[in-house]
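In our numbering, the protein residues as written are 3 to 116.
Positions of the beta carbon are idealized from the N, C-alpha and C atoms, including for glycine.
The structure displayed is predicted, hence computed values, not measured ones.
Report on the following structure.
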């Protein structure tokens with residue numbers, strides 16, 4: 003049951019080209035957003051689409067896969083966990099960011115998509 007704690011699974015489309023950063027330690031980190039869509043009928047029977055955006059961070063080998071095979075618009079599936087971090091802005095305000103830390107990725111769609 004412990005594998006179900008803080009577990010996220012998403013299928014969606016990449017919103018912009020991933021940003022790849024090579025850290026001084028030699029590790030790679032990839033950052034990108036993914037859009038997930040939900041389709042349902044409202045109370046009037048009309049079809050409605052709702053889109054949610056998620057910020058994704060991936061490290062190491064997963065970041066390398068993203069760098070080589072994932073581009074804007076690419077459909078992917080991923081698993082990971084939620085991470086919340088905080089930072090202080092230049093004017094001294096404390097901000098919090100929640101991101102999906104991807105540990106596994108599955109490329110969907112056609113081979114020619116990037």
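Can you confirm whether the stretch 100–111 touches the stretch 68–76 when touching is taken to mean that 3 or more C-beta pairs between the two stretches lie within less than 8 Å? yes
Element boundaries [alpha helix (DSSP H), containing residue 63]: Counting along the chain, residue 63 sits inside the alpha helix (DSSP H) bounded by residues 62–71.
Leaving out the 5 sequence neighbours to the left and right, which residues in its chain are closer than 6 Å to residue 33 when beta-carbon positions are compared? 21 and 59
Would you be able to state if there are at least three C-beta pairs under 8 Å between the stretch 37–47 and the stretch 78–91? no
Beta strand (DSSP E) containing residue 43: first to last residue? 30–43
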